[in-house]
Amino acid sequence: MSATIERIERLNLEGMIWELRHPARLPIGLTIHYEDIEHPLLNVTKVMLEIEAVVLFRQLGRLTTPTGITLIREGGKVRRT
6 MSATIERIER
16 LNLEGMIWEL
26 RHPARLPIGL
36 TIHYEDIEHP
46 LLNVTKVMLE
56 IEAVVLFRQL
66 GRLTTPTGIT
76 LIREGGKVRR
86 T
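Under this note's numbering, read the sequence shown as residues 6 to 86, first letter to last.
Now the structure itself:
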């Protein structure tokens with residue numbers, strides 16, 4: 006997770022970027038903790054079975070929308086497509 010696409014570009018990550026648009030609500034059982042605005046952490050709110058967490062993350066996935074941006078790393082540089 007990231008607050009900005011630019012932050013994702015600075016990390017060693019590749020792939021399609023999806024976003025959770027306001028006013029979407031997280032599924033009950035998931036929460037976001039902020040170490041700071043640049044470092045959001047997605048967590049479960051209680052101890053649960055792995056399958057329960059998988060179901061919650063799948064529900065979250067259905068709330069996201071593609072940004073149309075894919076990051077590809079080539080020769081140490083990042084390229085948006």
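Quick reminder that beta carbons are idealized off the backbone N, C-alpha and C, glycines included.
- Could you check if Y61 is buried or exposed, using at least 16 other CB atoms within 10 Å of its CB as the buried criterion? What you label residue 61 is simply residue 56 of the sequence shown in a count that begins at 1. It should be pointed out that residue 61 corresponds to Leu in this sequence rather than to Tyr. Counting Cβ neighbours within 10 Å, L61 comes out buried, since at least 16 surround it.
- Message: Please state the DSSP three-state secondary structure of G73.
- Response: Counting from 1 along the sequence shown, the entry for residue 73 is found at position 68. If DSSP states are grouped into helix, strand and coil, G73 belongs with the strands.
- Flag this pair as yes or no: are the beta carbons of I33 and A8 separated by less than 7 angstroms? Mapped onto the sequence shown, residue 33 falls at position 28. Mapped onto the sequence shown, residue 8 falls at position 3. Cβ distance not < 7 angstroms, so I33 and A8 don't count as in contact.
- Query: What separation, rounded to the nearest whole angstrom, lies between the Cα atoms of E79 and R15?
  - Reply: Along the sequence shown, read from residue 1 onward, the residue named residue 79 stands at position 74. Along the sequence shown, read from residue 1 onward, the residue named residue 15 stands at position 10. In a straight line, the C-alpha of E79 is about 14 angstroms away from that of R15.
- Between K82 and K51, what straight-line distance do the alpha-carbon atoms span, to the nearest angstrom? Along the sequence shown, one-based indexing puts residue 82 at 77. Along the sequence shown, one-based indexing puts residue 51 at 46. Cα-Cα distance, rounded: 40 angstroms.
- Message: I'd like the span of the alpha helix (DSSP H) that includes E13, first residue to last.
- Response: As a working note, residue 13 is residue 8 in the sequence shown. This sequence places Ile at residue 13; Glu is not what is there. Its alpha helix (DSSP H) spans residues I10 to R15.
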